[in-house]
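First comes the structure, then the notes that go with it.
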Ligand code: 5GP
Ligand code: MN
């Protein structure tokens with residue numbers, strides 16, 4: 088991070104800090120925000136965490152999760168808080184369109200802004216940028232950030248559990264990415280008392296019956312395999328949403344099941360939302376779904392996990408998705 092000394096100086100006096108994370112916050116978004124928030128509170132700052140939309144139920148056990156201010160629920164409160172901020176942290180996103188209308192508030196804010204993120208192609212809207220696209224998660228980077236400040240001693244079990252949550256969810260328990268450095272980080276977290284097995288249980292064994300049945304429906308009735316492109320697609324219609332009463336978080340992780348198929352290298356979960364059709368893309372190896380999401384679906388993300396949206400209906404979107412596959416044929420068949 089350039090000018091770390093400048094940021095350290097700012098953090099030497101109590102600030103009104105706002106931590107913002109992206110729409111549909113996942114384990115990394117919530118974990119990094121709450122972990123950083125607890126660390127900053129420990130250092131005497133007044134901290135508010137804001138997300139554009141609500142977090143999934145499986146994260147509700149997290150410390151201070153209840154205090155997260157949700158833009159969709161209370162836009163005026165978010166506006167008040169951002170206008171009062173003396174320092175803004177943007178975590179787990181790197182372009183202001185990822186936080187919808189709150190992006191305008193951040194853009195207008197005159198206070199210093201910090202970005203900590205691991206997505207590709209960061210936009211330079213912040214004064215201090217810790218952007219590391221090889222990092223497993225933003226949580227890993229918040230851990231690094233605390234070390235960069237020389238404040239390892241402030242890392243306690245509660246902060247560690249927040250950070251470990253994002254590491255677990257973004258790496259799929261070390262299945263999608265890992266590194267010697269990450270394992271050293273995790274070893275340190277275990278040493279300060281983080282309960283790995285408790286967290287794995289809280290995070291990965293927390294489905295309710297409805298969610299398991301929705302997964303069954305996706306796999307049994309809504310799965311299509313395109314063997315020539317080593318691609319699997321799962322779709323959900325508006326009618327599915329109504330029939331199963333599907334809510335935010337109920338389809339978390341569905342797309343990953345496609346990757347369990349030996350011959351599948353590209354997975355797409357394409358689902359109808361009230362105003363748009365959303366795509367969640369996953370891949371194995373060298374297939375670059377962030378490029379696919381960015382080029383064709385106004386989205387982005389990482390090489391092996393990305394998302395985007397379409398303003399056409401579901402069947403047109405699925406057709407368009409299939410039509411672009413020949414462009415990626417070489418990668419898909421290698
Ligand atoms: P998911 O498929 O789980 O929603 O998202 C996978 C990854 O892609 C996450 O890192 C997420 O931040 C990113 N992503 C998902 N949707 C979008 C989008 O519409 N735009 C951008 N830029 N990134 C997205
Ligand atoms: Mn992340």
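In my numbering, the protein residues as written are 88 to 421.
Glycine included, C-beta positions come from ideal geometry on N, C-alpha and C.
- In the three-state reduction of the DSSP assignment, residue 331 falls in the helix class.
- Taking all protein chains in view, the Cβ of residue 102 is crowded by 16 or more other Cβ atoms within 10 Å, so the residue is classified as buried.
- For residue 367, the shortest C-beta to heavy atom distance toward the ligand 5GP is below 7 Å.
- When DSSP reads this structure, residue 235 sits in no beta bridge, so it has no partner.
- Assignment of beta-bridge partners to residue 133 by DSSP yields 103.
- Minimum Cα-Cα distance from residue 259 among the listed residues 211, 239, 115 corresponds to 115.
- Three or more Cβ pairs closer than 8 Å define a contact, and the stretch 387-395 meets that threshold against the stretch 195-215.
- Nearest C-alpha to residue 293 among 224, 144, 322: 144.
- Sequence-distant Cβ neighbours of residue 210 in its own chain, meaning closer than 8 Å and more than five residues away, are 181, 182, 183.
- Below 8 Å, enough C-beta pairs join the stretch 92-109 and the stretch 157-174 to call them touching: three or more.
- Shortest gap from the CB of residue 224 to any heavy atom of the ligand MN: under 7 Å.
- Taking the Cα positions, residue 224 is about 7 Å away from residue 253.
- Under the three-state reduction of DSSP output, residue 388 falls in the strand class.
- Residue 202 carries a strand assignment under DSSP once its states are collapsed to helix, strand and coil.
- Judged by DSSP in its simplified three-state form, residue 110 adopts coil rather than helix or strand.
- At least one heavy atom of the ligand 5GP falls within 7 Å of the beta-carbon of residue 113.
- Beyond the five residues adjoining it in sequence on each side, residue 187 comes within less than 8 Å, by CB distance, of 110, 139, 158 in the same chain, given in chain order.
- Rounded to the nearest whole angstrom, the CA to CA distance from residue 398 to residue 381 is 15 Å.
- Where residue 318 is concerned, the enclosing beta strand (DSSP E) starts and stops at 318-323.
- Contact between residue 201 and residue 94 holds, with the beta-carbon distance rounding to 7 Å and staying under 8 Å.
- Within a 10 Å sphere around the beta-carbon of residue 314 sit fewer than 16 other beta-carbons, which makes this residue exposed.
- Contact check between the stretch 231-251 and the stretch 122-135: three or more CB pairs, one atom from each, fall below 8 Å, which counts as touching.
- For residue 192, same chain residues with a beta-carbon under 8 Å away, outside a window of 5 residues either side, are 165, 166, 169, 170 in chain order.
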